[in-house]
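*Asks:* Per my numbering, the sequence shown runs over residues 14 to 130. All residues carry an ideal CB built from backbone N, CA and C; glycine is no exception.
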Amino acid sequence: MCTTNVADITRNMIREWYYHLRFVNSQHFEIDFALAHLERVVVPAFFGSSSSKNRRIPGVLNQRIQRLQQEVIKVNSKLEKCEEYGRSSTKSGFMKDCLNTASRLIEVEICISWFVY
14 MCTTNVADIT
24 RNMIREWYYH
34 LRFVNSQHFE
44 IDFALAHLER
54 VVVPAFFGSS
64 SSKNRRIPGV
74 LNQRIQRLQQ
84 EVIKVNSKLE
94 KCEEYGRSST
104 KSGFMKDCLN
114 TASRLIEVEI
124 CISWFVY
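As structure tokens, then:
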């Protein structure tokens, strides 16, 4: 408990600390100061820290959305360039013939294709 930063505290940690301190207190050890510290300092600090994290989440998500939108724009421009190149290519007729041949022979073994086609 002494070496844990407030930013690293979780609900489970607080629960575990509380139950252990309550158990030790039930065995008549004088640890009221530790329970008071947990209840007055640690728990409010945890809730304050978690609420500030929750307020930052929309900003982080919006930044991520903006980066992804910029990436989509870049990829779409590359796609348009590729499509334009494919339409204006002089080899497009040759490529169509090759694709037609490949689609016909896709399931045929090479040795059989020597005699059939």
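Which runs of the beta strand (DSSP E) fall wholly inside the region 22 to 93 and span at least 3 residues, in chain order?
*Replies:* Runs of the beta strand (DSSP E) inside the region 22 to 93: none found.
*Asks:* Suppose contacts are defined by Cβ-Cβ distances below 8 Å. Is F59 in contact with I22 by that definition?
*Replies:* The residue labelled residue 59 in the question sits at position 46 within the sequence shown. The residue labelled residue 22 in the question sits at position 9 within the sequence shown. Yes, Cβ-Cβ distance for F59 and I22 is below 8 Å.
*Asks:* Using DSSP with H/G/I as helix, E/B as strand and the rest coil, what is N113?
*Replies:* Mapped onto the sequence shown, residue 113 falls at position 100. N113 falls in the helix class under three-state DSSP.
*Asks:* Contact between the region 22 to 41 and the region 49 to 59 is defined here as three or more beta-carbon pairs at a separation below 8 Å; is this criterion met?
*Replies:* Yes: at least three Cβ pairs fall under 8 Å.
*Asks:* Measuring CB to CB, does V73 end up less than 8 Å from I27?
*Replies:* Walking along the sequence shown from the start, residue 73 turns up at place 60. Walking along the sequence shown from the start, residue 27 turns up at place 14. Going by C-beta atoms, V73 is not nearer than 8 Å to I27.
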